[in-house]
């Protein structure tokens, strides 16, 4: 039954994506709030599909810690889920993503061309400063790619450059989405995806102190949410494979 539900969800998810991409075309000639509205509709429709078809819900904790002004949001990355769900939490977000994901219907995406090496970092910093000057929130996945729940962290130094160059606060975010929407898998597991917004890290720390604090707080939060998610899956009678690798 779980396999059938997962297949149905994936078919509906990609059909929905095609429709959203078509609907998003007129917004290219509109102010940014147009494509932002489409992106939020896409996120809400995906959450509805997950809840209705797969029995997968979502909880967001600590959202009162999100400031309205310019901000760097550093989020744990385990799944495609957070690439659309986080848009619902922020007033005017922009994502930093690798160039290969430009097909996703986002707005003001800051694409990173990794083939450019250090030039890519320079270009990214310049674009981020422009977006922050417009009071936007910059979402970055510090590990650069999806990591399985419980895997050893592999944080990249790009988030440190952003923190030092921009002089704004950094908001860590932990989650356990990979338990329910595993990477490289069509399986969608029932249960509750939990997102926790942690205490903001103020500007002014040196690079080593910031990097250590960011990793420590995100990993502690992710570990706690992972345990909660596994307990819930056990209560539902789900026997999940060890996804660490």
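Residue numbers (the working numbering): 44 to 288.
We treat Cβ as the ideally placed atom computed from N, Cα and C, and that holds for glycine.
What you are looking at is a predicted structure, and each value in this text was computed from that prediction instead of being measured.
Check, Outcome
"Quick check: the Cα distance between residue 238 and residue 68, rounded to an integer number of angstroms?", "31 Å"
"If you draw a straight line from the alpha carbon of residue 197 to that of residue 188, how long is it in whole angstroms?", "9 Å"
"Three-state secondary structure (DSSP) at residue 267?", "helix"
"Determine the contact status of residue 55 and residue 90, defining contact as a CB-CB distance below 7 Å.", "no"
"Excluding sequence positions up to five away, which residues of its chain have a Cβ less than 7 Å from the Cβ of residue 246?", "210, 211, 212"
"Have a look at residue 63 and residue 279 and give me their C-alpha separation to the nearest angstrom.", "33 Å"
"At the level of alpha carbons, what is the spacing between residue 45 and residue 201?", "39 Å"
"Between residue 240 and residue 205, which are expected to be in contact by the criterion C-beta below 8 Å, what is the C-beta distance as a whole number of angstroms?", "At roughly 18 Å, the Cβ-Cβ gap does not stay under 8 Å, so residue 240 and residue 205 are not in contact."
"Out of curiosity, what's the CA-to-CA distance linking residue 73 and residue 79?", "10 Å"
"Relative to the C-alpha of residue 100, which residue among 216, 281, 232 is closest?", "232"
"Which value, in whole angstroms, describes the spacing of the CA atoms of residue 207 and residue 249?", "8 Å"
"For the structure I just gave you, are there three or more beta carbon pairs, one from the stretch 124–138 and one from the stretch 259–273, closer than 8 Å?", "no"
"Looking only at DSSP bridge pairs, what is residue 95 linked to?", "Answer is none; residue 95 lacks a bridge partner."
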